[in-house]
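Q: Protein chains in written order, with the UniProt record's numbering: chain F, 1 to 347; chain E, 1 to 271.
Beta carbons are placed, not taken as given, at the ideal position from N, Cα and C, and that holds for glycine.
None of these values were measured; they are calculated from a predicted model.
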């Protein structure tokens, strides 16, 4: 992944400011041919600006964007051959489903019979056969999204950009559409950038995730890497539920948290190093090498699991998830949990 | 209308009845003086008066056309530019609207006359040797009316363009559309209702326009409202003026009703 030869989309040192606000601070990343990279970040993190730079709606102050070895930094959007699904789909309200999907082909002067064939093909791919004559407003949210997707892929674009496309859908439909988009993207082998602020969605869809905050990329890694081995507090906190502490390595394999509590960990950081410690709530077991006992402050039944907030003696407050078996521990109850050294991530 | 909603509207209804409906009925009465349709026969039968109607129609059409030609780009620009320039645009569009038509028309007389600002500038610059006749003719009336009626075109178009979600033209650009294609395939069809509303407004207002054609036409450009005024004030032929007014009223209503029907079928087709 590091060799630029395998990169289909290459973003190098892209910077953009709006007045005093730095939207993008020299962002660099690569996306391999056929890969789905998610840019995950809170609103205002610069992820949308980055997408606009790639699509050509925003001109960067610095840096370059290359697709398949060809620089596109200065090209207008119309010349970029990039399919994009907008947040609210941006379907043409006055055009039928078929005319919406035919639009990019007409703009490329494709012959009429060929247009008809490819529109039918694209609509079949998103399972909208029979909806050709409908207008966008006669469709449900999920169907509108399929039209937007068909319109974005019908002209065999070099890249596919998805700008928070699932935000407007209800939960169930969102999950269906996520899997469908994923299936379609794999089948077509389309290099894809997906923008979202929803970390769950990012984990479901992506090959790799780039976590952004304040205009910089905090970490780019595979989904498991991001979840299991986040690079810093921000990533650890933003992706998934977490218990994050800070401390100092007292010896190899031993951390003393700032509160004084010592933990056995797996880390080759040298003694004296300042470190962050991440313990995912679901990694706690009834017992383990590092034991915590404390009083339940809050307990929630979540169907498959219990979510407990523990106040531990002489130390930290912990968020713990346990498989839902037996009775839900009530507030005030004393509970002991443990965590193995290999389940603790030190960064 | 429910009984409760009726009462608060009463003063307005009385006002409309006394100052609008009653005079119209009275006018229709005048036009039928003597119990004959002779005055209508004269208005619609004589070549001279038909020419005036045709003239009015033609001027209204041209005014609408030029207002559209000037108004669309302006309304479009105001709707798509930064808030600052949009405000500047609004001031320039609305300021004339708040100024009396009479004042604006006299201002045009100063500009367009034989010794007016335009002609003097042109001659001093050596572009023309003789003054171009721009006042008391068709050109003058056209210029003045377009100026006076332009806001009525700009505002509906501005509103229509504003209603277009900016993501839609952006999406079109991303899909490969040139600026011209974005205008023709996206903006134009999506702002058709604004174009239509503005055109109907300007056309209908043009049909009955009086002050500007009277002053800038100098009696040589005969529009129907000017003719009516002459019949009342100079010829003292009230029944004939009333018949002309009635014909104009019916014609205006017809245009308006046609426009309504068209917009309704447009809306239904879009639904």
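Between residue 154(F) and the ligand ZN, is the CB less than 7 Å from at least one heavy atom?
A: Looking at this structure, you won't find the ligand ZN or any other ligand, since it has none at all.
Q: Below 7 Å on C-beta distance, what does residue 174(E) contact in chain F?
A: 55, 77, 82, 84
Q: Entirely within the segment 75 to 151 of chain E and at least 4 residues each: give me those alpha helix (DSSP H) ranges in chain order.
A: 83 to 97, 101 to 112, 117 to 124
Q: Taking residue 18(F) as the reference, which of 141(F), 10(F), 44(F), 37(F) has the closest Cα?
A: 44(F)
Q: How do the segment 139 to 147 of chain F and the segment 119 to 131 of chain F stand: do at least 3 beta-carbon pairs fall below 8 Å, yes or no?
A: yes
Q: What are the boundary residues of the alpha helix (DSSP H) that residue 103(F) is part of?
A: 97 to 107
Q: Closer than 7 Å by C-beta to residue 320(F): which residues in its own chain qualify, once you throw out the five before and the five after it? Chain order, please.
A: 281, 284, 308, 310, 337
Q: At which residues does the alpha helix (DSSP H) containing residue 86(F) begin and terminate?
A: Note, residue 86(F): premise wrong, no alpha helix (DSSP H); not H, not E.
Q: Can you check whether the CB of residue 49(F) is closer than 8 Å to the CB of residue 163(F)?
A: no
Q: Quick one: measure Cβ to Cβ for residue 213(F) and residue 42(F), integer angstroms, because I've assumed they're closer than 8 Å.
A: Correct: roughly 7 Å between the Cβ atoms.
Q: When the Cα of residue 54(F) is compared with those of 316(F), 72(F), 346(F), 38(F), which residue comes out closest?
A: 72(F)
Q: Would you please state the rounded distance, in angstroms, between the beta carbons of residue 178(F) and residue 36(F)? I believe it to be under 8 Å.
A: Incorrect: roughly 11 Å between the Cβ atoms, too far for contact.
Q: Which residues mark the beginning and the end of the beta strand (DSSP E) in which residue 301(F) is found?
A: 290 to 301
Q: CB-CB under 6 Å to residue 40(E), same chain, minus the five flanking residues each way: which ones, in chain order?
A: 243
Q: Taking 8 Å as the threshold (beta carbon to beta carbon), is residue 168(E) in contact with chain F?
A: Taking Cβ atoms only, chain F reaches closer than 8 Å to residue 168(E), which makes this a yes.
Q: Residue 159(F) to residue 141(E), Cα distance in whole Å?
A: 57 Å
Q: Give me the chain F residues within the contact set of residue 43(E), using Cβ-Cβ distance strictly less than 7 Å, ordered along the chain.
A: Under the 7 Å cutoff, chain F gives no residues; its nearest Cβ is about 43 Å from residue 43(E).
Q: Identify the contact partners of residue 177(E) in chain F, using a Cβ-Cβ distance below 8 Å as the criterion.
A: 78, 103, 107
Q: Counting C-beta neighbours from all protein chains within 10 Å, is the total for residue 19(E) 16 or more, i.e. buried, or is it exposed?
A: Flag for residue 19(E) reads exposed.
Q: Quick check on the burial criterion: 16 or more other C-beta atoms within 10 angstroms. Buried or exposed for residue 272(F)?
A: Here residue 272(F) is exposed. Its C-beta has fewer than 16 other C-beta atoms within 10 Å.
Q: Quick one: what's got a C-beta closer than 6 Å to residue 230(F)'s C-beta in the same chain, skipping five residues either side?
A: The residues are 236.
Q: Quick one: measure Cβ to Cβ for residue 239(F) and residue 227(F), integer angstroms, because I've assumed they're closer than 8 Å.
A: About 6 Å separates the CB atoms of residue 239(F) and residue 227(F); that is less than 8 Å, so the two are in contact.
Q: Are residue 251(F) and residue 40(F) closer than 8 Å when you measure CB to CB?
A: no
Q: Going along chain E, which residues have a C-beta under 9 Å from residue 151(F)?
A: 171, 175
Q: Can you give the Cα-Cα distance for residue 46(F) and residue 315(F), rounded to whole angstroms?
A: 37 Å
Q: Provide the residue span of the alpha helix (DSSP H) that contains residue 125(F), from first to last.
A: 112 to 125
Q: For residue 2(F), count neighbouring Cβ atoms within 10 angstroms of its own Cβ and tell me buried if that reaches 16, exposed if not.
A: With a pLDDT of only 40 at residue 2(F), under the threshold of 50, the placement of this residue in the model should not be trusted, and no figure is reported.
Q: Taking CB distances under 8 Å as the criterion, tell me whether residue 88(E) reaches chain F.
A: no
Q: If you run the structure through DSSP and keep just helix, strand and coil, what is residue 157(E)?
A: helix
Q: Less than 7 Å between C-beta atoms, sequence neighbours within five positions excluded: which residues of the same chain meet that for residue 158(E)?
A: 75, 78, 79
Q: Could you pull out every residue in the same chain whose Cβ sits closer than 7 Å to the Cβ of residue 30(E), ignoring the five residues on either side in sequence?
A: 238, 239, 242
Q: Cβ atoms of residue 224(F) and residue 208(F): under 8 Å apart, would you say?
A: no
Q: Please check if any C-beta of chain E sits within less than 8 Å of the C-beta of residue 88(F).
A: yes
Q: Spell out whether any CB of chain F is found under 8 Å from the CB atom of residue 160(E).
A: no
Q: Would residue 55(E) be called buried (16 or more neighbouring beta carbons within 10 Å of its own) or exposed?
A: When all chains shown are included, residue 55(E) counts as buried.
Q: To the nearest angstrom, how far is it from the Cα of residue 34(F) to the Cα of residue 62(E)?
A: 58 Å
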